[in-house]
Amino acid sequence: MKRRGSWGAIVAAMVAAAALTCGSSASASGQGNSNAAVVTVPGGTIRGAERGDSLVFEGIPFAAPPLGKLRWSPPRPVVPWQGIRDATPRPPACLQNDESWNRADWLYASEDCLTLNVRTPSLTGKRPVMVWIHGGSNRAGSALGPVESQMVRHGIVVVSVQYRLGILGFLSHRQLAEQQGGTSGNYGLMDQIAALRWVRDNIGRFGGDPAQVTIFGESAGSQDVSLLLAAPSAQGLFRAAILQSGTPGFGMSFRTLEGGFRIGDELDRMADSGGDIAKLRALSPVALFDLQSRLTEPESQGNDFLFLRTTIDGAVLPDRPDRLLKNVAPKPVIIGTDTVEFGPGPGGVDLAGFSRFWFGANSDKALAIYRAEETKGADPRRGNLELRMQSDAQFHCPANRLAGLLTREGWPVWRYEFDIGENGGLTRHAYEVSYVFDAKPAGGGARMQDYWVALAMAGDPNAPIASAGKRPEWKRLTRSHSRTLHFAEKTTVMAKGLPRQDFCGWTDNY
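Read in order, the letters of the sequence shown correspond to residues -28 to -1, 1 to 482 in mature numbering (1 follows the signal peptide of the UniProt record, and there is no 0).
Encoded structure:
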């Protein structure tokens, strides 16, 4: 993957752009729409705006800015403000430097980013709440997208949260562990849990019911949702979950805390900091993200999966999620994948090495099976051999494995596969997101959004809701029957079995 510009220039532009507006959006203000709603939350009073048939509040702080000595610290209580805070300007994203997000509309970010957005039909009532956790490999993205979601037409309160990314959100360091009770590393997950606590304590002021919270996410956001299902400190903060293309095993599974420390050791070496976290905290964002771009980890295929491999830190995650889930009260869960998720383009790939990376000691057997599929005539909707290998190992098989684990533990689980590409092309990673938020119909007129909303309202995607359209019954998994709801361009139907299950014998990363 080629870089399209200097990391330093990218991050410097982000910081400068955010600095121009952060102060005004975070300061007391009497400006704004006089008809907009005013709500008092921890820290002070905010004013939102009317947009169409809903009220929107953006950039609401749920924790103190993680600046200075609070860089790489668990989230702290909100800093109070005076007057009425204007909650209508677009808030900055959390700092990031991933080249795939190097576009002008993303060059607006800050370390002062622990905020969330709320879109609600009304400030009164007790409505179901859906909390969105964005994707982006835990190194990019923002909470901006769902602000315009059509889910409010169903009477849903939609919340989207921001969390620290990349090296600022997921660094494990020996001195940090000495200062923080023996652990460090999962600050981004801590941010998400802090946001869920804020929702529990305050969403009633926005017409939401804290007892009816569903969390959902896509890609790394989905993986984080799966970790929140297992995390002891997140229990009681939500009642249902939806995982869109991201489950444990995504990003080459887990690392130990010692493994995380080795990444911190490498950062110390590169920064010549001598293991002193104060020196790392003194680095500018530009310098820090330049170091991030050069950090590598052999187990993570260089830098690509650096922040997707979850650190078992002993605090947020006292143990591996698959073990923790066996001691958690069951919740309704939707788990899904897209037909083709990720993979290299044709040509120039060392298939033997590619197979070793994904399948380890089973690489020869796995590669033989994929080549046999190629000889017999593979489904063209699933792309070339490399695409099938990576999509199976990184997405389909971990999703199947988690669905099976939860089903055996008595959880209500529904599995889906999304197969609608652009202009008849292959279905790729994240294509389903617009069908979830914008209420676009799939084959047969079924809308993914209706299933999602029904789960949030009643804990069952088949529950009747007045605002929903026609949709087939979605049968849940049982110990004796595996089935998948297949969203395609012309039909939405139940299919027997789980996607690509015959190719999942070599990919158990637990």
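Even for Gly, the Cβ is constructed at its ideal location relative to N, Cα and C. Remember, predicted model here, so these are calculated numbers, not experimental data.
Pull up the distance between the alpha-carbon of residue i and that of residue j, whole angstroms please.
i: Gly223; j: Arg292; result: At Gly223 the pLDDT is 45, less than 50, meaning the model places this residue with poor confidence; the figure from the coordinates comes in the next sentence. Cα to Cα, Gly223 sits roughly 15 Å from Arg292.
i: Phe409; j: Ala324; result: 40 Å
i: Ala243; j: Ser256; result: 12 Å
i: Gln362; j: Ser191; result: 14 Å
i: Gly417; j: Asp391; result: 14 Å
i: Leu357; j: Glu346; result: 7 Å
i: Val90; j: Arg387; result: 28 Å
i: Lys(-27); j: Gly232; result: With a pLDDT of 38 at Lys(-27), under the threshold of 50, the predicted position of this residue should be treated as unreliable, and no value is reported.
i: Val197; j: Trp446; result: 22 Å
i: Asp84; j: Asn158; result: 18 Å
i: Leu39; j: Ile56; result: 23 Å
i: Asp163; j: Leu86; result: 7 Å
i: Arg177; j: Ser132; result: 16 Å
i: Gln207; j: Leu260; result: 34 Å
i: Glu381; j: Val258; result: 46 Å
i: Leu470; j: Asn372; result: 7 Å
i: Ile249; j: Ser194; result: 31 Å
i: Leu88; j: Ala440; result: 27 Å
i: Leu116; j: Ala344; result: 44 Å
i: Arg241; j: Leu263; result: 10 Å
i: Arg125; j: Glu394; result: 26 Å
i: Leu289; j: Ile105; result: 18 Å
i: Arg423; j: Gly153; result: The sequence given here has Tyr at residue 423, not Arg. Cα to Cα, Tyr423 sits roughly 42 Å from Gly153.
i: Leu137; j: Trp383; result: 31 Å
i: Val103; j: Thr464; result: 26 Å
Run through the DSSP bridge pairs and tell me what residue i is partnered with.
i: Asn395; result: None, per the DSSP bridge assignment.
i: Asp310; result: Phe390
i: Glu445; result: Paired residues: none, contrary to the question.
i: Asp351; result: DSSP output for Asp351 lists no bridge partner at all.
i: Glu190; result: Gln216
i: Lys468; result: Arg455
i: Phe226; result: Thr282
i: Glu83; result: Note: Glu83 sits in no beta bridge, so no partner.
i: Pro413; result: Arg419
i: Gly180; result: Arg99
i: Val305; result: Ala213, Val385
Which residues mark the beginning and the end of the alpha helix (DSSP H) in which residue i is found?
i: Gly236; result: 229 to 243
i: Phe409; result: 405 to 409
i: Phe29; result: Unbroken run through Phe29 is the beta strand (DSSP E), 26 to 33; no alpha helix (DSSP H).
i: Thr379; result: 369 to 380
i: Gly138; result: 138 to 141
i: Gly430; result: A quick correction: the sequence has Ala, not Gly, at residue 430. Here the alpha helix (DSSP H) through Ala430 covers 420 to 430.
i: residue 486; result: Only positions -28 to 482 of the chain appear in this structure, which leaves residue 486 out of reach.
i: Ala167; result: 159 to 174
i: Lys251; result: 249 to 253
i: Gly221; result: Careful: Gly221 lies outside any alpha helix (DSSP H), inside the beta strand (DSSP E) at 220 to 223.
i: Asp294; result: 293 to 296
i: Leu359; result: 357 to 363
i: residue 490; result: This structure does not reach residue 490, given that the chain is present from -28 up to 482, and the question cannot be answered.
i: Trp53; result: Here Trp53 belongs to no alpha helix (DSSP H), and DSSP marks it neither H nor E.
i: residue 488; result: With the chain running from -28 to 482 in the structure shown, residue 488 is simply not present.
Just curious, the beta strand (DSSP E) that residue i is in, first and last residue?
i: Leu457; result: 455 to 460
i: Arg211; result: Taken as a continuous stretch (DSSP letters only), Arg211 belongs to no beta strand (DSSP E), as it is neither H nor E.
i: Ser132; result: 129 to 133
i: Asn89; result: 87 to 92
i: Trp104; result: 99 to 105
i: Pro257; result: Not the beta strand (DSSP E): Pro257 falls in the alpha helix (DSSP H), residues 257 to 266.
i: Arg57; result: 56 to 58
i: Glu22; result: 21 to 23
i: Thr463; result: Thr463 -> no beta strand (DSSP E), and no H or E assigned at all.
i: Thr12; result: 10 to 13
Please list, in chain order, all residues of the same chain as residue i whose beta carbon is under 6 Å from its beta carbon, the five residues on each side excluded.
i: Ala287; result: Thr155
i: Ala411; result: Gln122, Arg419, Gln421
i: Leu209; result: Leu168, Arg172
i: Pro46; result: Met162
If I measure Cβ to Cβ from residue i and keep anything under 7 Å in the same chain, skipping five residues before and after, which residues do I get?
i: Met429; result: Pro100, Ala435, Ile437
i: Arg48; result: Ala35, Ala36, Leu42
i: Val312; result: Arg354, Gly355, Leu359, Ser363, Leu398, Thr399, Arg400
i: Pro52; result: Gly15, Gly16
i: Gly2; result: The predicted model places Gly2 with a pLDDT of 40, which falls under 50 and marks its position as unreliable; any figure quoted below should be read in that light. Same-chain partners within the cutoff: Gly55, Ile56.
i: Ser(-4); result: Low confidence applies here, because Ser(-4) scores a pLDDT of 44, under 50, leaving its location unreliable and the question unanswered by this model.
i: Ile307; result: Leu215, Thr219, Ala371, Leu374, Ala375, Val385, Arg387
Would you verify that the beta carbon of residue i is, or is not, closer than 9 Å to some beta carbon of chain C?
i: Arg451; result: Absent from the structure: chain C. Only one protein chain is present.
In chain order, what residues of the same chain lie with their CB nearer than 8 Å to the CB of residue i, ignoring the 5 residues before and after it?
i: Met466; result: Pro444, Glu445, Trp446, Lys447, Arg455, Thr456, Leu457, His458
i: Leu297; result: Leu201, Ala202, Leu377, Leu378, Glu381
Hey, is the region 235 to 254 in contact with the region 144 to 158, meaning 3+ C-beta pairs nearer than 8 Å? yes
Would you check if there are 3 or more beta carbon pairs closer than 8 Å linking the region 342 to 357 to the region 254 to 269? no
Does the contact criterion of 3 or more C-beta pairs under 8 Å hold for the region 298 to 305 versus the region 167 to 183? no
Could you tell me whether the region 337 to 346 touches the region 459 to 470, where touching means 3 or more Cβ pairs closer than 8 Å? no
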